[in-house]
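Take a look at the structure set out below.
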Amino acid sequence: MSTLNKISELIEHINPDQNLLYKKWNIQHRDELFTQLYWSHHPMTEKYYFEANPSFYYEYKNIFDLGRYPIVMLRDGFLGILEFFLLHPKPHKDIDTTLLIPKQFECLVPKLWENQIASYNIYQKNPREDEKADQIFIYGTPTEELFIRKSPAEMAKEISEVIKSYKEYKIYFPIRDSILSNAEGKEKLFYIEFVKEIYRHVGFDANILFHHIHENLKSLEGKRFDFYNLDKSKILIEDNYLDHYLYSIGGKNYIETTKISRGLNYDLSKGHAIEIQEVDFTKNCFSEFFLNFKLTGQRTRSIYEIFKDKKIRELYLKNFS
Numbered sequence: 214m215s216t217l218n219k220i221s222e223l224i225e226h227i228n229p230d231q232n233l234l235y236k237k238w239n240i241q242h243r244d245e246l247f248t249q250l251y252w253s254h255h256p257m258t259e260k261y262y263f264e265a266n267p268s269f270y271y272e273y274k275n276i277f278d279l280g281r282y283p284i285v286m287l288r289d290g291f292l293g294i295l296e297f298f299l300l301h302p303k304p305h306k307d308i309d310t311t312l313l314i315p316k317q318f319e320c321l322v323p324k325l326w327e328n329q330i331a332s333y334n335i336y337q338k339n340p341r342e343d344e345k346a347d348q349i350f351i352y353g354t355p356t357e358e359l360f361i362r363k364s365p366a367e368m369a370k371e372i373s374e375v376i377k378s379y380k381e382y383k384i385y386f387p388i389r390d391s392i393l394s395n396a397e398g399k400e401k402l403f404y405i406e407f408v409k410e411i412y413r414h415v416g417f418d419a420n421i422l423f424h425h426i427h428e429n430l431k432s433l434e435g436k437r438f439d440f441y442n443l444d445k446s447k448i449l450i451e452d453n454y455l456d457h458y459l460y461s462i463g464g465k466n467y468i469e470t471t472k473i474s475r476g477l478n479y480d481l482s483k484g485h486a487i488e489i490q491e492v493d494f495t496k497n498c499f500s501e502f503f504l505n506f507k508l509t510g511q512r513t514r515s516i517y518e519i520f521k522d523k524k525i526r527e528l529y530l531k532n533f534s
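For the sequence shown, my numbering gives the first residue as 214, with consecutive numbering after it.
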């Protein structure tokens, strides 16, 4: 049976009460620090229902906890995907779990995982080709991980260019301290720098939302609007709950997302769907990261250590910019 056929069988015959983390009420994260990280990025990390079991790697206590589920769709960005494969470069002989990982990071998959893995891509089902929206909703959490590719000044300038073609806009970013940053990173106070730069590029009357997110999301329902996720680096989160919610109430992604191939396709709402396809191993970059890991002499590596590693950051920018 091919990997995609196996995934199709798993999804179509899943027992939600037994095999979806979404249904569990007593989840214990890998560590307390991740619990803080999870809530510091909420509502981007909010849970949602899909039969492929979307969840973050650190929502499982260990590989054997994860292995209790027949299929796991990892919502993690670069850090979680890399840590998983550094520590598990080949499937465990006693674990038959099939993994789905973000298409963007499929080059991190070791070849030995070929029979237990596929990639996923979330896309807009019916992109609007008629009249342009009058308003845009822009969002992101302004901690250090948001600014890996662009500085606060560059991102604020980008926002000022985006909003020019709209009558209305809202910029939502909750002010949170970075859980991942080292002492030097925390001292930079990225969120303060970002606010300054937005005021400088957009003006002091910039429509910035720091809280009351649910009321503002509710106000978008039934309206024609676009949305713009500032997090292009996908360091921590690839599968962002706000993307799903905004698609589901009729929003159009400013950054066009489309179906890539003839993989498995499942509707997630009237506005968006997920495509699952086999992993392409022709442009694999795992060996570069794995060699760096081996040279450290460590046997374990956490997302917190990976984020602080300058060499890893260089390799990330080399392979994912």
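Even glycine gets a Cβ: it sits at the ideal position worked out from N, Cα and C.
As the structure is a computational prediction, the values presented were derived from the model and not from experiment.
Check	Outcome
How far does the alpha helix (DSSP H) with residue 368 in it extend, from its first residue to its last?	365 to 375
Only counting the same chain, and skipping five residues up and downstream in sequence, which positions put a Cβ closer than 6 angstroms to that of residue 369?	410, 411, 414
Any contact between the segment 489 to 501 and the segment 233 to 247? By contact I mean 3 or more CB pairs, one from each, below 8 angstroms.	no
Under a Cβ-count criterion, where at least 16 other Cβ atoms within 10 Å of its own Cβ denotes burial, should residue 290 be classed as buried or exposed?	buried
What residues match up with residue 311 in a beta bridge as DSSP calls it?	284
If you follow the beta strand (DSSP E) that residue 234 is in, where does it begin and where does it stop?	That residue, residue 234, is in no beta strand (DSSP E); it is neither H nor E in DSSP.
Of all Cβ atoms in chain D, is any one closer than 8 angstroms to the Cβ of residue 383?	Given the protein chain composition of this structure (a single chain), no chain D is represented.
CB residue 482 to CB residue 461, shorter than 8 angstroms?	yes
With H, G and I counted as helix, E and B as strand and the rest as coil, what does DSSP make of residue 396?	helix
Between the segment 461 to 470 and the segment 433 to 440, do three or more beta carbon pairs fall short of 8 angstroms?	yes
What first and last residue would you give for the alpha helix (DSSP H) that runs through residue 261?	Per DSSP, residue 261 belongs to no alpha helix (DSSP H) and is neither H nor E.
Buried or exposed: residue 490, going by 16 or more other Cβ atoms within 10 Å of its Cβ?	buried
Out of 322, 353, 468, point me to the one whose CA is closest to residue 301's CA.	322
Short of 7 angstroms in beta carbon distance, which residues of its chain neighbour residue 314, apart from the five on each side in sequence? Order them along the chain.	287, 294, 322, 330, 332
What residues match up with residue 440 in a beta bridge as DSSP calls it?	350, 466
Residue 357 lies in the beta strand (DSSP E); which residues open and close that run?	Neither: residue 357 is in no beta strand (DSSP E) and is coded neither H nor E.
For the candidate residues 237, 396, 303, whose alpha-carbon lies nearest to that of residue 328?	303
Can you tell me the Cα-Cα spacing of residue 372 and residue 245, whole angstroms?	34 angstroms
My output table needs one value for residue 485: the three-state DSSP class, helix, strand or coil.	strand
Per DSSP, which one or two residues make a beta bridge with residue 385?	352, 422
Which partner residues does residue 270 have in the DSSP bridge list?	Looking at the DSSP assignment, residue 270 forms no beta bridge with any residue, so it has no partner.
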